[in-house]
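Position one of the sequence shown corresponds to residue 18 (my numbering), numbered consecutively onward.
A virtual CB, placed ideally from N, CA and C, is assigned to each residue, including glycine.
So the structure is just underneath, and the comments pick up after that.
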Amino acid sequence: MILLMGCEGNYVSSIPDYPVFLDIDLRLAPYNTTLKNNNNSYVLFEKPRMGKELTDRIGYGGVIVYTNFEGEYCAFDLACPHEALSSVKVKPNGLGQLVCDSCSSVYDISFGVGHPVEGPSKEGLKRYKTMLQGDLLRVTN
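Encoded structure:
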């Protein structure tokens, strides 16, 4: 059995702790064409998936699951830490960054870190743990 973990660490965030739990089968669409073996790709979870309403937990503002430039799976809360509101979400710009339209902060996720690189934010994005076991990617906090 091979077990890989990535993109995790201990830190304090302005984003409140809300439950996060996603089991993603990388053999199924759309994950097999977006996340699996595709660097700089992502899937947004802004509400529980159909049929998974009882098990999916999507954090404070939703979750982005991202395959970084090194091929590692990473997950971040979509709520901007500078604004700290569940309704103010960052959006991918296609360049390995997430951008907040409200405060104009830009966060680099290209290597799985989520640090601010532009704008007023001094705090990085709230990260979640990822664990890959076979073709099952689990995201938790």
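Within a 10 Å sphere around the beta-carbon of Lys108 sit fewer than 16 other beta-carbons, which makes this residue exposed.
Secondary structure at Tyr124: strand, using DSSP grouped into helix, strand and coil. Among the bridge pairs identified by DSSP, His99 is matched with none. Here Glu87 has Asn56, Phe128 and Gly129 as same chain residues with Cβ atoms under 8 angstroms from its own Cβ, once five neighbours each way along the sequence are excluded. With contacts defined as CB atoms closer than 7 angstroms, Gly113 and Ile126 qualify as a contacting pair.
Contact check between the stretch 60-67 and the stretch 136-154: fewer than three CB pairs, one atom from each, fall below 8 angstroms, which does not count as touching. Scanning Ile81, Asp94 and Pro33 for the CA closest to the CA of Ile41 turns up Ile81.
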